[in-house]
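Protein chains in written order, with full-length UniProt numbering: chain A, 1 to 99; chain B, 1 to 201; chain C, 1 to 658.
Input: a single structure, listed below in structure tokens.
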Amino acid sequence: MEKTTKSFPISHVIGFFMSLLLTFGAAWVALQTSLPMNTIIWIIGSLAVTQAALQLYMFMHMNEGEDKAALTINILYAAFIAVVIVAGSIWVMFSGHSH
Amino acid sequence: MSAKIDTALPLEYQTEQNRMNILGFWIFLGAEIVLFATLFGVYGVLGHRHAGGPMQQDLFIIKDVMIQTMLLLTSSFTMGIAIFEMRRHQLKGMLVWLVITLLLGGGFLYMEIQEFTHYVHQGATMQTSAFLSSFFVLLGTHGLHVTLGIGWAVLLIIQLLQRGLTPVTARKTFIIGLYWHFLDVVWIFIFTFVYLAGLVS
Amino acid sequence: MGINWSEFFVTGDPLILASQIAIVLTSVGAVAALTYFKKWKWLWKDWLTTVDHKKIGILYILVGILMFFRGGVDGLMMRAQTSVPENTFLDAQHYNEVFTTHGVVMILFVAMPLLIGVMNFVVPLQIGARDVAFPQLNALSFWLTFSGAMLFNISFVIGGSPDAGWTSYFPLAGKEFSPGIGNNFYAVALQIAGAGTLMSGINFVVTILKMRIKGMTMLKMPMFTWTSFITSIIIVASFPIFTVALALMTFDRIFGTHFFTISGGGMDMLWANLFWLWGHPEVYIVVLPAFGILSEVISTFARKTLYGYKSMVISITLIAVLSMLVWVHHFFTMGNSSAANSFFSITTMMIAIPTGVKVFNWLFTMRKGRIKFTTAMLWALAFVPNFVIGGVTGVMLAMAAADYQYHNTLFLVAHFHYVLIPGVVFPLFAAFYYWWPKMFGYILNEKIGKWHFWLFTIGFNLTFMPMFFLGLDGAVRRAYTYSEETGFGPLMLTSAIGAIILAAGFAVLVYNIYWSARYADRNISNDPWDARTLEWATASPVQHYNFAVLPEVKSLDAFWHMKKNNEIKTLNEDEIEEIHMPSNTWIPFYMGNVFLVAGFFLVFEWTIAAAIASIGIFAGLIFRSFDYDEGFHVHKDEIIKTESSWRNVGKGVKNHVS
Numbered sequence: 001m002e003k004t005t006k007s008f009p010i011s012h013v014i015g016f017f018m019s020l021l022l023t024f025g026a027a028w029v030a031l032q033t034s035l036p037m038n039t040i041i042w043i044i045g046s047l048a049v050t051q052a053a054l055q056l057y058m059f060m061h062m063n064e065g066e067d068k069a070a071l072t073i074n075i076l077y078a079a080f081i082a083v084v085i086v087a088g089s090i091w092v093m094f095s096g097h098s099h
Numbered sequence: 001m002s003a004k005i006d007t008a009l010p011l012e013y014q015t016e017q018n019r020m021n022i023l024g025f026w027i028f029l030g031a032e033i034v035l036f037a038t039l040f041g042v043y044g045v046l047g048h049r050h051a052g053g054p055m056q057q058d059l060f061i062i063k064d065v066m067i068q069t070m071l072l073l074t075s076s077f078t079m080g081i082a083i084f085e086m087r088r089h090q091l092k093g094m095l096v097w098l099v100i101t102l103l104l105g106g107g108f109l110y111m112e113i114q115e116f117t118h119y120v121h122q123g124a125t126m127q128t129s130a131f132l133s134s135f136f137v138l139l140g141t142h143g144l145h146v147t148l149g150i151g152w153a154v155l156l157i158i159q160l161l162q163r164g165l166t167p168v169t170a171r172k173t174f175i176i177g178l179y180w181h182f183l184d185v186v187w188i189f190i191f192t193f194v195y196l197a198g199l200v201s
Numbered sequence: 001m002g003i004n005w006s007e008f009f010v011t012g013d014p015l016i017l018a019s020q021i022a023i024v025l026t027s028v029g030a031v032a033a034l035t036y037f038k039k040w041k042w043l044w045k046d047w048l049t050t051v052d053h054k055k056i057g058i059l060y061i062l063v064g065i066l067m068f069f070r071g072g073v074d075g076l077m078m079r080a081q082t083s084v085p086e087n088t089f090l091d092a093q094h095y096n097e098v099f100t101t102h103g104v105v106m107i108l109f110v111a112m113p114l115l116i117g118v119m120n121f122v123v124p125l126q127i128g129a130r131d132v133a134f135p136q137l138n139a140l141s142f143w144l145t146f147s148g149a150m151l152f153n154i155s156f157v158i159g160g161s162p163d164a165g166w167t168s169y170f171p172l173a174g175k176e177f178s179p180g181i182g183n184n185f186y187a188v189a190l191q192i193a194g195a196g197t198l199m200s201g202i203n204f205v206v207t208i209l210k211m212r213i214k215g216m217t218m219l220k221m222p223m224f225t226w227t228s229f230i231t232s233i234i235i236v237a238s239f240p241i242f243t244v245a246l247a248l249m250t251f252d253r254i255f256g257t258h259f260f261t262i263s264g265g266g267m268d269m270l271w272a273n274l275f276w277l278w279g280h281p282e283v284y285i286v287v288l289p290a291f292g293i294l295s296e297v298i299s300t301f302a303r304k305t306l307y308g309y310k311s312m313v314i315s316i317t318l319i320a321v322l323s324m325l326v327w328v329h330h331f332f333t334m335g336n337s338s339a340a341n342s343f344f345s346i347t348t349m350m351i352a353i354p355t356g357v358k359v360f361n362w363l364f365t366m367r368k369g370r371i372k373f374t375t376a377m378l379w380a381l382a383f384v385p386n387f388v389i390g391g392v393t394g395v396m397l398a399m400a401a402a403d404y405q406y407h408n409t410l411f412l413v414a415h416f417h418y419v420l421i422p423g424v425v426f427p428l429f430a431a432f433y434y435w436w437p438k439m440f441g442y443i444l445n446e447k448i449g450k451w452h453f454w455l456f457t458i459g460f461n462l463t464f465m466p467m468f469f470l471g472l473d474g475a476v477r478r479a480y481t482y483s484e485e486t487g488f489g490p491l492m493l494t495s496a497i498g499a500i501i502l503a504a505g506f507a508v509l510v511y512n513i514y515w516s517a518r519y520a521d522r523n524i525s526n527d528p529w530d531a532r533t534l535e536w537a538t539a540s541p542v543q544h545y546n547f548a549v550l551p552e553v554k555s556l557d558a559f560w561h562m563k564k565n566n567e568i569k570t571l572n573e574d575e576i577e578e579i580h581m582p583s584n585t586w587i588p589f590y591m592g593n594v595f596l597v598a599g600f601f602l603v604f605e606w607t608i609a610a611a612i613a614s615i616g617i618f619a620g621l622i623f624r625s626f627d628y629d630e631g632f633h634v635h636k637d638e639i640i641k642t643e644s645s646w647r648n649v650g651k652g653v654k655n656h657v658s
């Protein structure tokens with residue numbers, strides 16, 4: 001493996017700085033701008049998803065090993081279920097005339 | 001089930017049992033995503049139901065949250081370096097980075113406990129309102145995971161000292177690395193949708 | 001921690017007193033018998049510490065059958081109480097408890113253990129593996145399921161049964177309206193069993209992905225393995241939701257939080273939302289492996305390859321996705337927006353499409369087949385029309401507007417019994433008759449089996465068909481009695497008579513197991529049904545290492561093609577190598593016990609005692625972390641001896657189908 005011979009973890013350092021950038025970026029958008037609430041949520045939500053993907057690929061080695069197809073399907077399916085649970089629950093619990 | 005060793009691969013992937021354990025742990029992380037998604041869903045539904053009690057803006061202190069976030073982000077980075085050292089077969093370097101990771105994790109936990117105690121002193125307990133119930137259970141579940149992760153890593157460090165780097169200890173370290181990065185991912189979402197979103201409105 | 005000992009044991013009901021005495025006597029009897037026959041060591045070495053997937057499978061099935069008896073008695077009590085108007089056999093409270101435990105037991109402690117038991121036994125054999133991916137974890141799954149079942153089961157004699165329905169809706173299930181500890185049993189016991197189920201799910205996903213024999217690509221897997229795989233995925237995707245829901249219920253009940261309460265901003269219907277987010281996929285978790293069983297049985301006894309294999313795979317995959325998108329149809333009447341109700345109506349009806357595809361595939365498999373009417377096949381044949389009734393009434397219920405009429409009536413009860421009994425219980429019976437020789441080395445008696453079949457299917461239809469009509473006439477579910485003027489009497493009585501016939505059918509099964517264990521012919525081959533998949537390529541009962549030499553697969557129905565092409569190899573002693581197997585372990589059994597104790601304390605809200613007991617859980621985990629046991633090797637001599645003892649039996653073996 002190429003990675004085992006390298007002596008400086010360059011991809012980790014890049015990943016770390018990018019995650020710092022994304023974190024402070026999200027904080028800045030949320031606290032220092034006066035965009036509408038929904039816009040802010042969409043922006044910081046997207047930044048969070050980006051950062052999660054960054055962790056998965058740069059730190060968690062999701063793209064290696066003989067099972068990477070299974071890993072990708074697993075994570076994508078879990079993310080799909082997560083969206084169904086969160087968005088579905090909020091929609092169902094607030095859409096009705098009972099509220 | 002055979003213990004055939006493929007030395008062309010990194011230590012943690014060398015045996016079939018190791019590859020199965022790593023895949024199994026990824027599947028488990030899939031289940032963890034669903035578990036945390038449910039807690040986020042509950043928070044999404046109940047987060048605005050304060051029942052006359054304190055609201056997000058009354059409680060959250062952005063400076064402390066940023067420090068907590070930095071601690072955990074950095075610990076995820078140092079855990080990555082530990083695995084990097086492991087792949088270079090540098091046991092000593094790996095142990096040093098693991099210990100740094102745990103110290104950062106401990107710092108995060110300390111901050112979180114301080115934060116919770118502070119809220120309770122302000123009269124914001126789990127029993128106050130639906131918002132606080134869902135807040136404490138979501139954050140508490142994450143905090144409990146971090147605690148268990150620290151305990152688990154300590155056991156692993158003992159085993160690394162006893163046995164050195166073998167395919168089995170390497171696999172165990174790799175898996176706890178995955179776990180730790182995953183907890184950081186969960187925190188990113190807590191930071192975004194609980195703290196930041198709570199301070200916007 | 002005020003302990004109210006006078007409420008510890010449930011007192012005052014002669015039925016319960018009799019059960020308490022029976023439980024004590026049975027326990028004493030079991031201990032005495034084990035001691036007298038000096039079986040303790042055998043029990044410990046062969047069963048309690050085993051990690052063999054086949055033995056774990058059998059243990060699951062044993063638990064499932066015992067709990068089937070428990071749940072069945074609950075059902076009979078309900079039918080007895082409602083057999084005539086204004087009956088006083090059970091009071092309202094007792095009736096509430098009985099329908100609650102009947103539902104929970106039948107779904108979570110009968111259907112689940114029986115199916116996971118069959119999966120445990122069959123899947124590794126079908127894919128040519130020697131065990132599951134994580135044998136110790138598998139044992140832990142079983143012992144957690146067992147602990148959950150036992151904790152739930154004792155509720156009716158110690159502390160009081162849960163009584164808020166198997167769905168345990170809030171606010172009824174909350175502390176305000178159910179102040180006793182009964183519902184804590186629900187929250188804690190299901191949590192423990194659910195953790196075990198989740199681990200099984202992960203285990204089987206990895207087993208099926210990673211341990212298939214050489215040549216067995218995903219599209220050459222037997223259909224039962226496919227359905228087990230998809231079921232395991234649904235388990236992983238849905239059980240964590242239930243874990244959270246039950247934890248929040250526990251918090252609300254024991255620690256005074258406000259998730260589902262009326263006060264403090266909680267939302268009672270959020271419980272229903274979370275419950276069904278898990279609960280609907282759960283239906284597919286139990287029904288998909290059952291579909292897999294049917295596919296194997298039908299293809300074997302129609303003596304044809306399964307029709308439309310690929311469309312079956314696509315169907316179950318679609319079902320796995322759609323099953324996560326229909327949960328709201330369980331509470332259309334909550335008052336959702338019409339957009340939400342329409343969306344979930346449509347997704348619900350869409351599920352009928354892949355299910356329909358599967359039904360037609362089974363029919364086409366039988367078309368022009370040379371069908372052998374064995375007992376297993378009879379169950380599969382009876383499945384089709386009965387299940388279609390359940391499915392079609394499901395589409396009726398899926399229409400949100402119409403559902404306002406059906407909701408909470410016996411029509412719904414009839415519908416889901418027509419889905420779950422033909423869809424899960426019939427296939428499980430088929431599985432028993434079909435795989436029994438593989439498990440125990442003898443065939444269950446076919447003649448007694450036919451009595452079992454006819455009594456059970458007739459009894460089933462007689463019990464539940466009247467409920468469709470009762471429901472349309474307005475009979476609500478979960479009502480402990482009704483007045484004579486309603487006119488429900490005759491149909492209710494019919495239903496009660498049906499239940500007795502149904503129970504007689506079950507009794508015949510138990511008798512069949514007893515009879516066959518004593519008298520059945522042991523001189524059968526390893527392949528008594530002339531079957532198609534790899535589990536039939538090895539001995540019956542299966543030797544502990546499963547396969548001496550691992551076969552190679554070239555096509556679907558691998559064993560069938562091996563037989564047709566004369567590729568069955570005779571034993572070649574040079575090919576045999578030592579086999580690596582996992583060692584037995586006491587940790588899973590120990591963990592099951594500490595979870596039981598900690599859970600019991602938590603149920604009684606003795607939180608400090610529960611915390612102390614959970615130290616035992618951590619002790620087990622730490623011990624496991626330092627356990628570097630690497631298993632053992634089966635020696636060549638032993639393998640050769642075992643193999644020649646079943647391979648060289650020669651003539652005189654009776655095949656059932658040829």
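Quick reminder that beta carbons are idealized off the backbone N, C-alpha and C, glycines included.
Since the model is a prediction, treat every value here as computed from it, not as a measurement.
Assigned with DSSP and collapsed to three states, T409/C falls in strand. Nearest neighbour of F185/C by Cα position, chosen from V205/C, A164/C, M199/C, turns out to be A164/C. Sorting R87/B, V96/B, G105/B, F116/B by C-alpha distance to the C-alpha of L183/B places G105/B at the top. Rounded to whole angstroms, the separation of the alpha carbons of R477/C and I116/C is 30 angstroms.
Interface with chain C (9 angstroms Cβ-Cβ cutoff): I81/A is included. Nearest neighbour of I579/C by Cα position, chosen from V634/C, L462/C, V326/C, turns out to be V634/C. Interface annotation for the region 262-295 of chain C against chain A: M267, M269, L270, N273, L274, L277, criterion Cβ-Cβ distance under 9 angstroms. Residues K39 of the same chain have their beta carbon placed closer than 8 angstroms to that of A33/C, with the five preceding and five following residues left out of the count. For N63/A, the nearest beta carbon of chain B is not closer than 9 angstroms to its own beta carbon.
Beyond the five residues adjoining it in sequence on each side, V104/C comes within less than 8 angstroms, by CB distance, of F152, P162, W166, Y186, L190 in the same chain, given in chain order. K45/C is classed as exposed because its beta carbon has fewer than 16 other beta carbons within 10 Å across all chains shown. Straight through space, the alpha carbons of V92/A and N273/C are spaced by roughly 8 angstroms. In the three-state reduction of the DSSP assignment, M581/C falls in the strand class. The residues L137, S141, in chain order, have a CB closer than 6 angstroms to that of M199/C in the same chain once the five nearest residues on each side in sequence are set aside.
Secondary structure note for F152/C: its alpha helix (DSSP H) is the uninterrupted segment 135-153. Burial state of K210/C is buried, judged by a 10 Å Cβ sphere holding 16 or more other Cβ atoms. Note on geometry: alpha-carbon atoms of I5/B and D52/C lie some 24 angstroms from one another. Separation of the CB atoms of F191/B and T69/B is rounded to 5 angstroms, and the pair is thereby assigned contact status at 8 angstroms. A Cβ of chain B is located within less than 9 angstroms of the beta carbon of G45/A. Counting C-beta atoms within 10 angstroms of its own C-beta, P171/C has 16 or more neighbours from the protein chains shown and is therefore classed as buried.
For a Cβ distance threshold of 8 angstroms, residue set I622, S625, F626 of chain C lies close to L155/B, ordered along the chain. At a cut-off of 9 angstroms between C-beta atoms, M467/C does not count as an interface residue with respect to chain A. Take the alpha-carbon of E16/B and the one of L114/C: they are about 30 angstroms apart. In the pairwise beta carbon analysis, the region 496-509 of chain C is classified as touching the region 457-465 of chain C: at least three pairs are separated by under 8 angstroms. Residues of chain B with a Cβ closer than 8 angstroms to the Cβ of F255/C are, in chain order, M126, Q127.
Taking a beta-carbon distance threshold of 9 angstroms, N336/C does not count as an interface residue toward chain B. Measuring C-alpha to C-alpha distances from I389/C to each of F364/C, I421/C, F604/C identifies I421/C as the nearest.
Leaving aside the five residues that flank L71/B on each side, the residues in its chain whose CB is nearer than 6 angstroms to its CB run, in chain order, L104, G107, F108. The beta-carbon of A197/B is placed no less than 9 angstroms from the nearest beta-carbon of chain C. Residue pairing for F9/C: DSSP places it in a beta bridge opposite I158/C.
Taken in chain order, the whole alpha helix (DSSP H) runs of length 4 or more contained in the region 267-338 of chain C are 268-302, 309-322. For V634/C, the enclosing beta strand (DSSP E) starts and ends at 632-634.
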